[in-house]
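Shown next, in structure tokens, is the structure this report addresses.
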Amino acid sequence: RLNPAHTGYITEEISLKPPLELKWKFVTPAGAMGSPIVIGDTLVVRGSSLYGLNAGNGSIKWTRPLKSTSHTSPAASNDTIYVGSGAHPTCSGCGIEALDKNTGNLKWSLEFSPKGARDPNVSDGSLYFGSDDWYVRAVNAYTGNLLWTSPILNDGVIAVPAVADGKVFVGTWGGTLYSLDTNTGSIIWTFRPSPGGVLFPSPTFDNGVLYFGAGLDSLWAIDAETKDIKWISSQTDDAIGSSPAFAYGKV
């Protein structure tokens, strides 16, 4: 998602213009889930295992077994990949792992029994992530030390939080969007779209506005400070399962 706010748009990229040509292809045994991430010369993609590939030619640099499947993507910062593992009702030995981007070797890990942790977002030296245990947590990205645990939410979290403007924005299986303080994890506000449904994708933040898809065929824009509704679009043909991207005033 490019940045902690999840805009999905990179202003520096100006060379990719049609027609595009295939440079290489990598096929995983069980398909690829979530978006790939690129950190330096390493491309990381989740399949039946976690794969670290040479970004230039697609050759395998390293592989690492996964403890659970997920539709989301790991996070990356500097030379480290951060990957979550979690599942309902239980996920033995699951949690957060910090891996070296060049080798896939483990730097540190945290276990959260009994349900593990979902993929994190990394911002300003901290990781923010949810879990099916109905909590959001923050840890130090360099050491893995726990910084805070949120109050209990109304349900479990599956999507990666968005982080912007001193707040953590995250939705739940129960259909509630939360704004949490990045320093303490305290709840600033809650918002429940109606009609709603599971908040499966991550929200996107841009210029004080949150954009997110709700489970029942609608796209929402709300003020990130006041949670006032900006607009609702019900023109989608199905539930929205991926995060919105924002560029040039368009979603």
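Position in the sequence shown (from 1) plus 3 gives the number in this note's numbering. All C-beta atoms, glycine included, are put in the ideal place defined by N, C-alpha and C. Computed from a prediction, not measured in an experiment: that's the story for all the values here.
Same chain only: Cβ atoms within 6 angstroms of Phe249, ignoring 5 sequence neighbours per side: As a first step, residue 249 is located in the sequence shown; it is residue number 246 there, counting from the start. Thr10, Thr207, Asp209, listed in sequence order.
Rounded C-alpha distance that separates Phe194 from Cys97: Position 191 of the sequence shown, counted from the first residue, corresponds to residue 194. Position 94 of the sequence shown, counted from the first residue, corresponds to residue 97. Using only the alpha carbons, I get a separation of about 29 angstroms.
DSSP three-state assignment for Pro21, whether helix, strand or coil: Locating residue 21 in the sequence shown gives position 18, counting from the first residue. Three-state DSSP puts Pro21 in coil, outside helix and strand.
Proximal residues to Leu150 (C-beta, below 7 angstroms), its chain only, five neighbours per side dropped: One-based indexing of the sequence shown puts residue 150 at position 147. Cβ neighbours of Leu150 beyond the five flanking positions: Ser129, Ala141, Val142, Asn143.
Contact the segment 48 to 65 vs the segment 25 to 34: 3+ CB pairs below 8 angstroms: yes
For Ile13, three-class secondary structure by DSSP: Counting from 1 along the sequence shown, the entry for residue 13 is found at position 10. Coil.
Neighbourhood of Arg67 by C-beta, 7 angstroms cutoff - its chain only, sequence neighbours within 5 removed: Mapped onto the sequence shown, residue 67 falls at position 64. Cβ within range, chain order: Ser52, Leu53, Leu102, Gly107.
Simplified DSSP state of Asn124, which is helix, strand or coil: Here residue 124 refers to the residue found at position 121 when the sequence shown is read from its first residue. DSSP places Asn124 in strand when its eight states are reduced to three.
The segment 150 to 162 touching the segment 173 to 188, judged by at least three CB pairs closer than 8 angstroms: The segment 150 to 162 is in contact with the segment 173 to 188.
Asp127: CB within 7 angstroms of a non-hydrogen atom of the ligand SAH: Absent from the structure shown: the ligand SAH. Ligands present: none.
Leu56 to Gly37 span [Cα, whole Å]: Here residue 56 is taken as the residue at index 53 of the sequence shown, counted from 1. Here residue 37 is taken as the residue at index 34 of the sequence shown, counted from 1. Cα to Cα, Leu56 sits roughly 15 angstroms from Gly37.
Pro39, DSSP secondary structure in three states: Reading the sequence shown from its first residue, position 36 is the one you call residue 39. Strand.
Where Leu156 falls: helix, strand or coil (DSSP): The sequence position of residue 156 within the sequence shown is 153, counting from 1. Residue state, collapsed to three classes: coil.
Distance, Leu19 Cα to Pro204 Cα: Residue mapping note: residue 204 aligns to position 201 of the sequence shown, counting from 1. Residue mapping note: residue 19 aligns to position 16 of the sequence shown, counting from 1. The straight-line gap from Cα to Cα measures roughly 26 angstroms.
Classification of Pro21 by the beta-carbon crowding that lies within 10 angstroms, buried from 16 upward: Here residue 21 corresponds to residue number 18 of the sequence shown, with the count starting at 1. Pro21 is exposed by the Cβ-count criterion.
DSSP state of Ser73 mapped onto helix, strand, coil: Residue mapping note: residue 73 aligns to position 70 of the sequence shown, counting from 1. The answer is coil: DSSP assigns Ser73 none of H, G, I, E or B.
CA nearest to the CA of Tyr138, picked from Val166, Trp27, Leu183: Mapped onto the sequence shown, residue 138 falls at position 135. Comparing Cα-Cα distances from Tyr138 to each of Val166, Trp27, Leu183, the minimum goes to Leu183.
Element boundaries [beta strand (DSSP E), containing Val27]: Taking the sequence shown and counting its residues from 1, one reaches residue 27 at position 24. The amino acid occupying residue 27 in the given sequence is Trp; Val does not appear at that position. Where Trp27 is concerned, there is no enclosing beta strand (DSSP E), given that its DSSP letter is neither H nor E.
As assigned by DSSP and simplified to three states, the class of Asn6: Along the sequence shown, read from residue 1 onward, the residue named residue 6 stands at position 3. Coil.
Asn81 versus Gly216: straight-line alpha-carbon distance, rounded: One-based indexing of the sequence shown puts residue 81 at position 78. One-based indexing of the sequence shown puts residue 216 at position 213. So the alpha carbons of these two residues sit roughly 30 angstroms apart.
Val254 versus Ile225 - alpha carbon distance: Numbered from its first residue, the sequence shown carries residue 254 at position 251. Numbered from its first residue, the sequence shown carries residue 225 at position 222. Approximately 13 angstroms between the Cα atoms of the pair.
Asp168 versus Val201, Pro196, Ser126, residue with shortest Cα-Cα distance: Along the sequence shown, read from residue 1 onward, the residue named residue 168 stands at position 165. Asp168 has its Cα closest to that of Ser126, out of Val201, Pro196, Ser126.
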